[in-house]
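Engineer: Dropping a structure here in structure tokens format, bear with me for questions.
Chains as they are written, first to last, in our numbering: chain A, 345 to 749; chain B, 9 to 302; chain C, 8 to 257; chain D, 31 to 315.
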């Protein structure tokens with residue numbers, strides 16, 4: 345009897361160990377001391393908890409291993425090596441900032457680990473996949489939109505809304521002097537130009553600039569009616585405040601990262617009104633049937649609204665879930681990659697919180713039923729409205745009352 | 009292989025590689041600043057010159073490490089001389105600000121001149137040091153040991169003795185006929201050369217050079233060298249090695265890690281100004297001599 | 008021709024004339040003193056002769072060569088070495104290494120062929136300067152008396168032809184002065200080094216030097232043996248006061 | 031355009047001058063290059079934000095914050111800095127103050143997070159000068175800076191205590207001989223410097239942002255301006271602050287904003303090499 349019992353115990357124990365070992369171990373990369381990193385951490389945790397509560401993926405629970413990259417290439421490399429060799433994770437998700445991600449694609453290739461990216465908006469990231477598919481096929485951009493696509497959404501709004509409605513003829517670029525931001529601004533300006541808008545002034549200021557009055561002055565003196573901005577740093581806050589204080593005679597349209605969250609109102613002391621920014625494939629608009637619920641749930645859970653990186657971060661685990669469930673052999677990387685390539689979360693559908701559809705280079709398909717950029721504006725009444733494209737409109741774009749064109 | 013189980017652990021191997029490179033950063037800072045008393049607050053500029061040079065070349069021509077390392081050595085030594093010539097007259101805070109200004113100009117330019125430098129995204133796709141992780145580690149280790157050894161021997165030599173005399177009093181050395189400018193420039197050149205080579209090796213190690221891995225080093229080099237102990241190369245190098253090692257191992261702690269780092273710095277300037285490893289070294293020596301007496 | 012000829016040395020700082028056409032000479036093996044009240048321009052003369060300050064006019068002929076306006080390094084190599092009023096030991100090293108630094112100067116590089124010779128020479132200097140018991144002590148731990156001696160020893164370690172000693176006795180007790188004074192005389196007598204001395208400790212000063220140049224307000228007011236100088240009216244007025252003679256005679 | 035240049039240059043310069051003044055005083059009087067100077071600016075801004083959001087009236091918040099910053103400055107000088115100064119090596123003071131500044135940055139990041147904050151304007155009515163709209167918060171910052179600078183100059187030149195500060199900056203030993211307690215003067219000077227930097231941090235918060243890394247550029251600018259004006263020279267610092275303030279406006283006007291900082295630093299570097307004593311300095315180094 346004793347023998348039988350102990351035998352049973354051993355069987356039970358080994359079974360439970362076996363069961364415990366059978367999880368999906370996923371490494372999460374992010375600069376957690378920054379807001380971007382926090383978004384990754386919170387949204388991924390939220391998705392993992394949901395999936396686990398729902399029984400996991402193919403019956404296996406998700407186990408997350410967070411590694412702080414501190415915004416540095418070096419820390420990210422150490423983190424990837426630790427995750428792949430020590431923690432032996434099955435997948436990596438996350439990564440914010442193009443520099444570190446670009447530099448570590450080779451490490452990813454060397455470690456042959458599937459990586460679902462959440463940040464790193466440089467078009468060069470997926471260009472690498474295009475250049476050498478077999479080497480870099482492990483990377484998928486689940487988000488955010490690359491800088492070109494972000495620029496497109498701004499440009500489209502100017503070309504298809506502001507130009508026909510307000511007969512805008514002249515615009516200026518004022519943007520932070522960073523590659524990522526410059527690409528957004530220049531792409532937007534290019535589309536505006538095709539719609540007949542003349543770019544009369546261009547200025548790139550270094551991160552940490554205190555005074556924008558000279559730039560605003562020069563832009564308006566050159567006759568600009570619209571200022572195309574792309575400010576991915578926190579400079580966007582004081583930029584907007586100063587624009588409001590100076591009652592600059594040109595509308596502020598572009599991509600100010602700080603403006604893409606409800607706190608912006610407090611950070612500017614309410615001086616954010618009329619500011620207009622494109623939200624890259626996310627935001628409080630019904631992109632899918634789940635988007636608005638997600639927004640609310642995140643706010644309830646963490647006390648803050650999700651940021652623009654939260655959307656792809658949350659999406660990654662659901663993209664992975666769908667791929668694993670459809671893969672021929674979910675433990676074979678090649679099969680998982682093939683299944684990932686087939687994942688589609690359509691615009692307006694009920695999967696994910698933002699549309700996902702991959703190009704053959706593992707970039708997001710932009711436009712159509714793929715990813716999109718929504719233009720939001722801080723209205724005079726203080727609400728934060730989606731104003732473009734029309735399908736998502738929660739309010740009408742308002743011309744700043746001090747502008748006389 | 010079995011004697012050193014660490015060598016099978018790729019993660020530790022990677023941390024080791026980074027730590028020995030940081031040991032070179034700290035040691036090369038010490039060679040100029042610890043010896044001559046010219047506190048360089050812009051050591052990152054000297055590291056950047058090596059790293060970015062490899063980056064620039066790589067974007068046109070895939071340069072291999074055996075070529076780029078001697079090239080980096082020459083270019084960064086010349087750069088050290090060029091910066092050294094006008095600034096060597098400056099003392100204390102003036103020299104600190106001049107070097108800080110140089111590093112900040114470099115940083116701003118490497119962000120602004122993005123067509124050349126890749127801006128905040130840096131330059132990637134640089135040829136790897138070697139194909140494998142283990143061979144890369146040995147490469148880095150060999151270089152670090154050699155660099156630290158050379159600087160240590162130079163520091164122990166008559167040349168180093170003169171540098172130390174400059175730290176205490178330049179006029180007293182001049183009165184004896186010592187050509188202080190020659191020695192200061194030489195120290196600049198040596199310090200800059202090793203920093204530049206380390207920078208180029210890092211570029212090859214990561215296959216990347218960018219602002220994130222270079223510019224925080226101005227401060228870090230000072231911290232590592234001062235906490236380790238200045239004026240003897242090896243204590244500074246040990247400071248670089250251990251602080252980096254610990255900081256990499258503690259990277260899960262994020263902000264707490266950085267906070268701890270600064271607390272260590274503050275406490276050691278207040279209570280162990282000679283540096284942890286200088287202090288330990290002295291302790292060991294006194295114990296040794298006591299044992300010898302018995 | 009004297010070993011060192013200083014002719015019409017002139018230096019102006021802003022509106023203030025620091026040395027006004029000072030002329031004097033130093034013979035080989037001679038011990039010369041420069042006397043004058045604080046601010047008279049004594050150290051400024053040293054600074055000019057040793058090259059630390061560029062004179063505005065005049066000549067400094069050393070060994071037949073005009074060295075005016077040359078760098079301190081050049082002048083030291085020629086064989087003129089100075090000490091400083093405030094001691095300047097090399098900190099963070101011991102006495103032996105302090106002297107070693109001196110032997111590494113270009114002047115001694117030519118004379119010392121190898122490390123054994125260097126060691127011998129340093130030990131010789133340690134010996135004559137009576138620094139043996141502190142040879143391996145860090146300078147940071149040395150009392151003032153030893154530091155003053157080290158200051159002299161360092162200057163002698165480069166085998167100078169002329170040593171300019173700037174107040175080597177300042178801040179020392181009487182018992183501390185004696186050994187230094189002895190070292191100076193020894194160096195002078197053994198190797199024939201000329202000594203130029205600035206000192207306010209008049210008794211010791213007068214005993215040490217053979218000839219005195221008295222200056223005030225940057226001008227030479229008298230020159231002569233110690234006995235002559237203490238009787239000189241101008242010197243008494245400007246500096247010595249009434250007790251001058253007693254000091255020298257005591 | 032020219033009016034814009036003139037007015038905004040003056041506003042920026044006055045704030046620079048306010049920050050640089052304290053840095054210069056600390057150096058001139060105590061001979062200390064205090065790399066913590068920018069951190070006072072940050073600490074005051076965060077404290078005001080914290081008090082205001084805790085529901086304390088803004089005037090009281092400001093006074094409280096400034097008092098805390100002054101105590102912090104006095105403490106730093108009285109204990110660690112004077113202790114290090116006695117030990118001799120100036121590098122440890124540089125490293126200690128820089129390390130403490132980073133410590134404060136990381137501490138605030140832990141306490142307040144990486145977000146950027148702002149406080150409401152103390153005065154928010156825009157004014158038109160020479161046809162230019164001047165936001166109230168900037169005008170307020172300008173006026174406060176100018177008044178503070180004038181008050182400090184009066185304090186130093188007219189009061190007994192101020193004269194002791196001046197005496198100490200000219201000759202520490204002579205001051206001690208005539209009975210000035212120089213250690214106490216050092217502590218008061220540091221406290222005053224902290225106050226000036228703190229005021230600057232508070233008046234800029236409504237139109238700039240409060241963040242854990244706001245101190246570094248500020249410090250670098252103050253350091254550069256003070257070197258340019260001549261370390262320790264108060265009029266030199268003020269002149270240099272205006273020179274630099276206008277230079278920045280000028281570069282962004284005729285060239286591009288992205289080069290303002292580079293030009294600024296290149297000029298500092300050139301000055302260091304060719305005229306290390308600065309515009310007004312007479313001290314040799």
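From the three backbone atoms N, C-alpha and C, an ideal C-beta is built for every residue, glycine too.
Let me check understanding here. Comparing Cα to Cα, which of C:153, C:40, C:35 lies closest to residue 216 (chain C)?
Structural biologist: By one-based count along the third chain, residue 216 (chain C) stands at place 209. For residue 216 (chain C), the nearest C-alpha among the options comes from C:40.
Engineer: Look up residue 305 (chain D) in the DSSP assignment and say whether it is helix, strand or coil.
Structural biologist: In the fourth chain, the residue the question calls residue 305 (chain D) occupies position 275. Coil, per DSSP.
Engineer: Whole alpha helix (DSSP H) runs in the segment 190-224 of chain C with 4 or more residues, listed along the chain?
Structural biologist: Correct list: 209-215.
Engineer: Using a Cβ cut-off of 9 Å (strictly closer), state whether residue 389 (chain A) contacts chain D.
Structural biologist: The count along the first chain starts at 1 and reaches residue 389 (chain A) at position 45. Interface flag for residue 389 (chain A) against chain D is unset, since no Cβ pair is found closer than 9 Å.
Engineer: Tell me the rounded alpha-carbon separation between residue 394 (chain A) and residue 661 (chain A).
Structural biologist: Counting from one through the first chain, the residue named residue 394 (chain A) turns up at place 50. Counting from one through the first chain, the residue named residue 661 (chain A) turns up at place 317. Cα to Cα, the separation comes out at about 10 Å.
Engineer: Can you tell me the Cα-Cα spacing of residue 314 (chain D) and residue 98 (chain B), whole angstroms?
Structural biologist: As a working note, residue 314 (chain D) is residue 284 in the fourth chain. As a working note, residue 98 (chain B) is residue 90 in the second chain. Residue confidence for residue 314 (chain D) is low, a pLDDT of 37 falling below 50, so the modelled location carries little weight; the figure read from the coordinates is stated next. Residue 314 (chain D) and residue 98 (chain B) have their alpha carbons spaced roughly 11 Å apart.
Engineer: Below 8 Å, can you find three or more Cβ-Cβ pairs linking the segment 232-248 of chain B to the segment 157-165 of chain B?
Structural biologist: yes
Engineer: Inspect the beta-carbon positions of residue 144 (chain D) and residue 488 (chain A) and report whether they are closer than 9 Å.
Structural biologist: Sequence index remark: in the fourth chain, residue 144 (chain D) carries index 114 (1-based). Sequence index remark: in the first chain, residue 488 (chain A) carries index 144 (1-based). It is not a contact, given that the beta carbons lie outside the stated cut-off.
Engineer: Is any heavy atom of the ligand GDP found at a distance shorter than 8 Å from the C-beta of residue 554 (chain A)?
Structural biologist: By its list of ligands, the structure shown contains no ligand whatsoever, and the ligand GDP lies outside what it can speak to.
Engineer: Let me confirm a value: residue 177 (chain D) is counted as buried when at least 16 other C-beta atoms fall within 10 Å, else exposed. Which label applies?
Structural biologist: In the fourth chain, counting from the first residue as 1, residue 177 (chain D) sits at position 147. Per the 10 Å Cβ criterion, exposed.
Engineer: Comparing the C-beta of residue 252 (chain B) with each C-beta of chain D, is any distance below 9 Å?
Structural biologist: Locating residue 252 (chain B) in the second chain gives position 244, where the first residue counts as 1. So no, residue 252 (chain B) is outside the interface.
Engineer: Name, please, each residue of chain D whose Cβ falls closer than 9 Å to the Cβ of residue 547 (chain A).
Structural biologist: Along the first chain, one-based indexing puts residue 547 (chain A) at 203. In chain order: 282, 286, 287, 288.
Engineer: Judging by CA-CA distance, which residue of D:233, D:164, D:227, D:80 is the nearest neighbour of residue 102 (chain D)?
Structural biologist: In the fourth chain, the residue the question calls residue 102 (chain D) occupies position 72. Per the Cα distances, D:227.
Engineer: Do residue 39 (chain B) and residue 172 (chain B) come within 9 Å of each other at the CB atom, strictly closer than that value?
Structural biologist: Taking the first residue of the second chain as 1, we reach residue 172 (chain B) at position 164. Taking the first residue of the second chain as 1, we reach residue 39 (chain B) at position 31. Result no, Cβ atoms of residue 172 (chain B) and residue 39 (chain B) do not sit closer than 9 Å.
Engineer: Near residue 480 (chain A), what residues of its chain come up, given a Cβ to Cβ distance below 7 Å and the 5 sequence neighbours on each side ignored?
Structural biologist: On the first chain, residue 480 (chain A) is found 136 positions in, with the first residue counted as 1. Only 449, 453, 472, 473 meet the Cβ criterion.
Engineer: Ignoring anything shorter than 4 residues or poking outside the segment 194-244 of chain D, list the alpha helix (DSSP H) runs there in chain order.
Structural biologist: 202-207, 212-234
Engineer: So, at 7 Å on beta carbons, what are the nonlocal neighbours of residue 820 (chain A) in its own chain, with the 5 sequence-adjacent residues on each side left out?
Structural biologist: For chain A, the structure presents residues 345 to 749; residue 820 (chain A) sits outside this window and is missing.
Engineer: What residues of chain B sit near residue 450 (chain A), judged by a beta carbon separation below 9 Å?
Structural biologist: Numbered from 1 along the first chain, position 106 holds the residue referred to as residue 450 (chain A). What residue 450 (chain A) touches in chain B: 132, 133, 136, 214, 215, 216.
Engineer: What separation, rounded to the nearest whole angstrom, lies between the Cα atoms of residue 105 (chain C) and residue 226 (chain B)?
Structural biologist: Here residue 105 (chain C) refers to the residue found at position 98 of the third chain. Here residue 226 (chain B) refers to the residue found at position 218 of the second chain. Cα to Cα, the separation comes out at about 32 Å.
Engineer: Counting only C-beta atoms, is residue 362 (chain A) closer than 9 Å to chain B at any point?
Structural biologist: In the first chain, residue 362 (chain A) corresponds to position 18, counting from 1. Because the pLDDT of residue 362 (chain A) is 49, which lies under 50, any placement of that residue in the model is unreliable, and the number read from its coordinates should be weighed accordingly. Closer than 9 Å: no.
Engineer: To the nearest whole angstrom, what separates the beta carbons of residue 557 (chain A) and residue 590 (chain A), a pair I think is in contact under 8 Å?
Structural biologist: Looking up residue 557 (chain A) in the first chain gives position 213. Looking up residue 590 (chain A) in the first chain gives position 246. Yes, they are in contact, since the Cβ atoms of residue 557 (chain A) and residue 590 (chain A) sit about 6 Å apart, within 8 Å.
Engineer: Say whether chain D places a C-beta atom closer than 9 Å to the C-beta of residue 222 (chain B).
Structural biologist: On the second chain, residue 222 (chain B) is found 214 positions in, with the first residue counted as 1. Under the Cβ criterion of 9 Å, residue 222 (chain B) is not counted among the residues facing chain D.
Engineer: Who are the Cβ neighbours of residue 42 (chain C) in its own chain at under 6 Å, not counting the five residues just before and after it?
Structural biologist: Numbered from 1 along the third chain, position 35 holds the residue referred to as residue 42 (chain C). Excluding residues within five positions, the ones whose Cβ falls inside 6 Å are 219, 221.
Engineer: Would residue 180 (chain B) count as contacting chain C if we go by Cβ distances under 9 Å?
Structural biologist: In the second chain, counting from the first residue as 1, residue 180 (chain B) sits at position 172. Chain C contact via Cβ: present.
Engineer: If we count Cβ pairs, one from each stretch, closer than 8 Å, do we get three or more for the segment 123-140 of chain B versus the segment 209-222 of chain B?
Structural biologist: Cβ pair count under 8 Å is three or more, so yes.
Engineer: With distances taken between CB atoms, is the gap from residue 585 (chain A) to residue 612 (chain A) smaller than 9 Å?
Structural biologist: For the purposes of this step, residue 585 (chain A) is taken as the residue at position 241 of the first chain. For the purposes of this step, residue 612 (chain A) is taken as the residue at position 268 of the first chain. Contact flag set, yes.
Engineer: Measure from the C-beta of residue 79 (chain C) to each C-beta in chain E and report whether the shortest distance is under 9 Å.
Structural biologist: This model lacks chain E altogether, as its protein chains are A, B, C and D.
Engineer: Counting pairs of Cβ atoms below 8 Å between the segment 105-125 of chain B and the segment 195-209 of chain B, do you hit three or more?
Structural biologist: no
Engineer: Taking residue 101 (chain C) and residue 10 (chain C) to be in contact with their CB atoms under 8 Å, please state how far apart those CB atoms are, rounded to whole angstroms.
Structural biologist: In the third chain, counting from the first residue as 1, residue 101 (chain C) sits at position 94. In the third chain, counting from the first residue as 1, residue 10 (chain C) sits at position 3. Rounded, the Cβ-Cβ distance is 34 Å, inconsistent with contact.
Engineer: Got a sec: is the Cβ-Cβ distance from residue 119 (chain D) to anything in chain B below 9 Å?
Structural biologist: Mapped onto the fourth chain, residue 119 (chain D) falls at position 89. Yes, residue 119 (chain D) lies at the interface with chain B (some Cβ there is under 9 Å from its Cβ).
Engineer: With a threshold of 9 Å between beta-carbons, can residue 35 (chain D) be considered close to chain B, or not?
Structural biologist: Sequence index remark: in the fourth chain, residue 35 (chain D) carries index 5 (1-based). So, not an interface residue.
Engineer: When the distance is taken between beta carbons, is residue 573 (chain A) closer than 9 Å to residue 517 (chain A)?
Structural biologist: One-based indexing of the first chain puts residue 517 (chain A) at position 173. One-based indexing of the first chain puts residue 573 (chain A) at position 229. Going by C-beta atoms, residue 517 (chain A) is nearer than 9 Å to residue 573 (chain A).
Engineer: Does the distance from the CB of residue 268 (chain D) to the CB of residue 55 (chain D) come in under 9 Å?
Structural biologist: Working through the fourth chain from its first residue, we reach residue 268 (chain D) at position 238. Working through the fourth chain from its first residue, we reach residue 55 (chain D) at position 25. No, they are not a contact pair.
Engineer: Does the Cβ of residue 103 (chain B) have 16 or more other Cβ atoms within 10 Å, making it buried, or fewer, making it exposed?
Structural biologist: The residue labelled residue 103 (chain B) in the question sits at position 95 within the second chain. Classified as buried, residue 103 (chain B) has 16 or more neighbouring CB atoms from the shown chains inside 10 Å of its CB.
Engineer: Using 8 Å as the cut-off, can you tell me whether the segment 37-51 of chain D makes contact with the segment 234-247 of chain C, which would need three or more C-beta pairs spanning the two stretches below that distance?
Structural biologist: Contact between the segment 37-51 of chain D and the segment 234-247 of chain C is absent, because fewer than three Cβ pairs lie under 8 Å.
Engineer: Of all the options A:505, A:526, A:524, which has the alpha carbon lying nearest to the alpha carbon of residue 539 (chain A)?
Structural biologist: Here residue 539 (chain A) refers to the residue found at position 195 of the first chain. Nearest option by C-alpha distance: A:505.
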